[in-house]
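Position 185 of the sequence shown, counting from 1, maps to 315 under this note's numbering, and the rest follow consecutively.
All C-beta atoms, glycine included, are put in the ideal place defined by N, C-alpha and C.
Since the structure comes first, as structure tokens, the remarks are kept for the end.
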Amino acid sequence: MIFKNCTFFNEMFEKEVGDIKVENGKIAEIGFFNEGGVDMSGCLVLPGFVDIHIHGGEGADFSDGDTASFDAMSRYLAKHGVTSFCGTTMTLSQDKLRRIVSAAADYTAPKSKLVGINLEGPYIAMSKKGAQNAEYVRAGSVDEVRELYSICDKIKLITIAPEAFDSDEFIKEVSRFMSVSVGHSAANAEQCRTAFENGANHITHLFNAMTPMTHREAGIVGTAFDNDNVMCEIICDGEHICPTVLRNSFDILGEDRACVISDSMRGAGVGEGEFELGGQTTYVKPGYKVAKLADGTIAASITNVFDEFKNLLSFGIDFKTALKSCTINPAKSIGEQDNIGSIAVGKCADFIVTDENFNIKEVYINGTLA
Numbered sequence: 131m132i133f134k135n136c137t138f139f140n141e142m143f144e145k146e147v148g149d150i151k152v153e154n155g156k157i158a159e160i161g162f163f164n165e166g167g168v169d170m171s172g173c174l175v176l177p178g179f180v181d182i183h184i185h186g187g188e189g190a191d192f193s194d195g196d197t198a199s200f201d202a203m204s205r206y207l208a209k210h211g212v213t214s215f216c217g218t219t220m221t222l223s224q225d226k227l228r229r230i231v232s233a234a235a236d237y238t239a240p241k242s243k244l245v246g247i248n249l250e251g252p253y254i255a256m257s258k259k260g261a262q263n264a265e266y267v268r269a270g271s272v273d274e275v276r277e278l279y280s281i282c283d284k285i286k287l288i289t290i291a292p293e294a295f296d297s298d299e300f301i302k303e304v305s306r307f308m309s310v311s312v313g314h315s316a317a318n319a320e321q322c323r324t325a326f327e328n329g330a331n332h333i334t335h336l337f338n339a340m341t342p343m344t345h346r347e348a349g350i351v352g353t354a355f356d357n358d359n360v361m362c363e364i365i366c367d368g369e370h371i372c373p374t375v376l377r378n379s380f381d382i383l384g385e386d387r388a389c390v391i392s393d394s395m396r397g398a399g400v401g402e403g404e405f406e407l408g409g410q411t412t413y414v415k416p417g418y419k420v421a422k423l424a425d426g427t428i429a430a431s432i433t434n435v436f437d438e439f440k441n442l443l444s445f446g447i448d449f450k451t452a453l454k455s456c457t458i459n460p461a462k463s464i465g466e467q468d469n470i471g472s473i474a475v476g477k478c479a480d481f482i483v484t485d486e487n488f489n490i491k492e493v494y495i496n497g498t499l500a
């Protein structure tokens, strides 16, 4: 198949015009071809978006641990331009986590691709648990993580609070086969810096459920800003973090270190209602732009990465930075940059086709209309 007359953003995220030839789901060649194809005149062609931290949407949750829920998430995400995702678990029992990763091990998605699993917990700080279930918060166990990874090697990330247990050897060992992310943590700057020295290289939803940066104590936020090797997840719904702080953060992180995530739950795309998340009840009430616990604690978002991309543009973030933060940056953070995240020869033919105002017209996954 050939996509003709494309105005697309190339591997350097610069605007280019040309034809894109797709063979066996991959981009085979980019140029100009004297053959017919799908005419993309008047459209913009963006790389498929990548969400590395999503719990659910349209009534389904990854922690349901069944094919029907995975399928529902896959279809929901494809409609919103997210062509690859990491299903994200909550702080749960080892038995429950075992069942989830077992279900994911041989799963093949109908639309948006499950490219990884993100373990959010359970080795977190009780004081920063947020909407995580306190019943299952516990000290880190390399044996538990190894067991899960032996069942499913799609696990790409695990969130820990490095100060909550003796984490030095845990981080050194686990970071050999997945990224270790600091989050849901009360670590001070020194503890966070030590975690990075031991091999942690990622931050879970920057600012949320962690020690802030002040003028006397850098906390997790400031320590992450100060380390160019650390990738930072960031929720850009305008509710979890205000637009001013988002602008400041992108100024510091630049175009290569931010990973826009949805952190959405099963209520995304549904509307008002009560929704289970990690064994707890969350609420989306009239006027809510996020899901909350009964006490008002923000539990999760109800957005998607494509809407966050448009938010960033409206907040004044430059186009290239916003686009990379939704595509190649998250792909790099999970080691999938050779397969997804940009429009380049040899990569999966994952595209979002929009009008000039970034309204989605079509989504292609592996060269097939989703």
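A Cβ-Cβ contact shorter than 8 Å links T353 with C322. Each residue's CA atom was taken as its position, placing D356 and K156 some 37 Å apart. Straight through space, the alpha carbons of T218 and I364 are spaced by roughly 15 Å. In the three-state DSSP reduction, F162 falls in the coil class, being neither helix nor strand. The C-beta separation of L336 from L287 comes to about 14 Å, leaving the pair out of contact by the 8 Å criterion. Boundaries of the beta strand (DSSP E) around N135: I132 to F139. If one requires a minimum length of 4 residues, the alpha helix (DSSP H) runs lying completely within the segment 189-272 are 197-209 and 224-235, in chain order. Looking at the DSSP output, C362 sits in a beta bridge with I333 and A388. When beta bridges are read from the DSSP output, F405 appears opposite T412. In this structure, the alpha-carbon of I254 lies about 47 Å from that of M170. In the DSSP assignment, T353 falls within the alpha helix (DSSP H) that extends over G349 to F355. Inter-residue distance for Q224 and K258 is about 21 Å (C-alpha atoms, whole angstroms). Classified as buried, V435 has 16 or more neighbouring CB atoms from the shown chains inside 10 Å of its CB. For K284, the secondary structure class from DSSP, reduced to helix, strand or coil, is coil. D437 carries a helical assignment under DSSP once its states are collapsed to helix, strand and coil. In this structure, the straight-line span from the alpha carbon of I495 to that of L207 is close to 11 Å. In this structure, A261 places its C-beta atom within 8 Å of the C-beta atom of T412. Relative to G167, the option among D191, E159 and M131 whose CA is nearest is M131.
Take the alpha-carbon of V390 and the one of F179: they are about 10 Å apart. The three-state reading of DSSP puts K462 in helix, counting H, G and I together. Short of 8 Å from the beta carbon of V272, and not among the five residues preceding or following it, lie these beta carbons of its own chain, in chain order: E299, F300, E303 and V304. In this structure, DSSP gives P373 a helical state, which the three-state scheme calls helix.
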